[in-house]
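So for the sequence shown, this note's numbering puts the first residue at 4; every next one is plus one.
In this text, a Cβ means the ideal position worked out from N, Cα and C, and glycines have one as well.
Working notes, beginning with the structure itself.
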Amino acid sequence: MNTNLLDLILFSEKRKAFLLLLKEGPKNTQEILDRLQVPRTSLLPQIKKLKEQNLVIHEEGMYSLSLIGEIIIEKMQPLLDTLEVFEKNEDYWADRKLTPIPPHLMKRISELGDYYLIEPDLSHTFDLSPEFVKHTSNSSRIHMFVSYFHPQFPIFFLNLARRGTEVSLVLSESVYLRFVEDFKKEGGEFLRMKNTSIFILDKEDVEIPAVVESSDKIMILGLFNESGRFDRQYIMSFEPGAIEWGKDLFEYLKSMSKEIKIKEK
4 MNTNLLDLIL FSEKRKAFLL LLKEGPKNTQ EILDRLQVPR TSLLPQIKKL
54 KEQNLVIHEE GMYSLSLIGE IIIEKMQPLL DTLEVFEKNE DYWADRKLTP
104 IPPHLMKRIS ELGDYYLIEP DLSHTFDLSP EFVKHTSNSS RIHMFVSYFH
154 PQFPIFFLNL ARRGTEVSLV LSESVYLRFV EDFKKEGGEF LRMKNTSIFI
204 LDKEDVEIPA VVESSDKIMI LGLFNESGRF DRQYIMSFEP GAIEWGKDLF
254 EYLKSMSKEI KIKEK
């Protein structure tokens with residue numbers, strides 16, 4: 004694809020939206036105007052440019068992608084989806100450490116889809132994020148990696164397990180030590196349950212995120228910023244693709260961890 008053609012597709016939201024609409028199939032002029040919500044005088048010059056580059060065909064009142072257009076848009080879709088993820092919150096991504104996400108999952112970052120950025124709630128400075136509590140509590144299965152300690156975590160996870168929720172935790176070594184030393188009673192009860200498990204990731208040479216959760220309801224991702232601090236900003240998504248992506252990141256971290264089993268007396 005030459006530079007002019009790349010510019011033609013990427014640097015106009017109208018042209019990009021028009022081509023993606025035609026990816027669904029041929030459309031007449033009125034249907035295009037209704038779907039894109041743009042005036043005819045604004046859209047027609049953009050269509051003309053695409054026709055001149057042989058990306059679009061106009062026959063019998065219907066617009067459709069040419070064979071070249073179909074091939075290009077099919078190849079462009081993953082790039083467009085990836086750009087959409089980063090463009091949605093440019094400042095957030097620019098200040099995050101992305102190295103904890105392995106390359107094979109970075110290539111699939113577009114699967115986060117239509118996510119939300121959860122900001123710190125100043126009225127709950129010392130509490131768990133209300134959004135995190137709400138959506139995690141509604142899940143029947145929780146796979147979660149945590150590398151920062153919050154004093155409400157032990158009893159929160161224990162209460163979920165008591166209700167029958169399947170809870171699998173991967174903890175950094177420092178978090179695990181706080182868990183078992185400061186909350187021995189809760190930790191012991193949690194480990195004895197049949198629907199719980201705890202793993203420790205103690206590899207010092209592995210860069211890790213702040214938090215990853217994949218449940219049957221949501222995916223949550225928290226990354227440290229470039230200064231190495233976790234500012235309690237989360238990426239949250241309810242899309243199935245994002246949940247699967249989060250599960251794969253959890254499993255990647257779990258694969259480098261060792262399970263803790265309580266000794267039977």
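Requested in this report: Classify SER45 as buried or exposed, calling it buried when 16 or more other Cβ atoms lie within 10 Å of its own Cβ.
Outcome: Reading the sequence shown from its first residue, position 42 is the one you call residue 45. Exposed is the call here.
Requested in this report: Could you have a look at VAL209 and say whether DSSP puts it in helix, strand or coil?
Outcome: Reading the sequence shown from its first residue, position 206 is the one you call residue 209. Of the three classes helix, strand and coil, the one that applies to VAL209 here is coil, per DSSP.
Report task. Drop a sphere of 10 angstroms on the beta-carbon of SER132, count the other beta-carbons inside from all chains shown, and report buried for 16 or more, exposed for fewer. Result -> By 1-based counting over the sequence shown, the position of residue 132 is 129. Buried.
Query raised in the report: Do LEU226 and LYS100 come within 7 Å of each other at the CB atom, strictly closer than that value?
Result: Sequence index remark: in the sequence shown, residue 100 carries index 97 (1-based). Sequence index remark: in the sequence shown, residue 226 carries index 223 (1-based). Yes, the pair counts as a contact, with Cβ atoms nearer than the cut-off.
Query raised in the report: Of all the alpha helix (DSSP H) runs that stay within the bounds of the stretch 175-258, which reach a length of 4 or more residues?
Result: 176-185, 187-195, 243-257
Query - Status (buried if at least 16 other CB within 10 Å, exposed otherwise) for PRO103 - result: In the sequence shown, counting from the first residue as 1, residue 103 sits at position 100. So PRO103 ends up on the buried side.
Report task. Quickly, what does DSSP pair ALA41 with across the bridge? List them, please. Result -> Numbered from its first residue, the sequence shown carries residue 41 at position 38. The sequence given here has Val at residue 41, not Ala. Paired residue(s): none; VAL41 is not in a bridge.
Query raised in the report: Can you give the Cα-Cα distance for PHE193 and GLU87, rounded to whole angstroms?
Result: Residue 193 sits at position 190 when you count from the first residue of the sequence shown. Residue 87 sits at position 84 when you count from the first residue of the sequence shown. The straight-line gap from Cα to Cα measures roughly 40 Å.
Query raised in the report: Exposed or buried, which one is GLN49 when buried takes at least 16 other CB atoms within 10 Å?
Result: Counting from 1 along the sequence shown, the entry for residue 49 is found at position 46. Classification for GLN49: buried.
Query raised in the report: Given LEU23, which residues of its chain have a CB within under 6 Å of its CB, disregarding the five upstream and five downstream residues?
Result: As a working mapping, residue 23 is identified with position 20 in the sequence shown. Correct list: empty, nothing qualifies.
Query - Buried/exposed call for GLU271, threshold 16 Cβ in 10 Å - result: Residue 271 cannot be examined here, being either before or after the span of the chain that is shown, 4 to 268.
**Report entry** Enclosing beta strand (DSSP E) for ILE145 [first to last residue]
**Finding:** Within the sequence shown, residue 145 is the residue found at index 142, counting from 1. ILE145 -> beta strand (DSSP E) spans 144-149.
Query raised in the report: Who are the Cβ neighbours of MET4 in its own chain at under 8 Å, not counting the five residues just before and after it?
Result: Numbered from its first residue, the sequence shown carries residue 4 at position 1. Any reading at MET4 must be qualified, since the residue scores a pLDDT of 44, below 50, and its modelled position is unreliable; no value is offered.
Query raised in the report: Which residue comes first and which comes last in the alpha helix (DSSP H) that contains LYS19?
Result: The sequence position of residue 19 within the sequence shown is 16, counting from 1. Per DSSP, LYS19 belongs to the alpha helix (DSSP H) from 16-25.
Query raised in the report: Between which two residues does the alpha helix (DSSP H) harbouring TYR95 extend?
Result: Translated into positions along the sequence shown, residue 95 becomes position 92. Its alpha helix (DSSP H) spans residues 93-97.
Query raised in the report: So what does DSSP say about ILE12, is it helix, strand or coil?
Result: For the purposes of this step, residue 12 is taken as residue 9 along the sequence shown, with counting starting at 1. Of the three classes helix, strand and coil, the one that applies to ILE12 here is helix, per DSSP.
Query - Endpoints, the alpha helix (DSSP H) within which GLU134 is located - result: The residue labelled residue 134 in the question sits at position 131 within the sequence shown. Start and end: 133-140.
Requested in this report: Tell me whether PHE129 is buried or exposed, calling it buried when 16 or more other Cβ atoms sit within 10 Å of its Cβ.
Outcome: One-based indexing of the sequence shown puts residue 129 at position 126. Exposed, by the Cβ-count rule.
Query raised in the report: Can you find at least 3 beta carbon pairs, one from the stretch 247-267 and one from the stretch 141-150, that sit closer than 8 Å?
Result: yes
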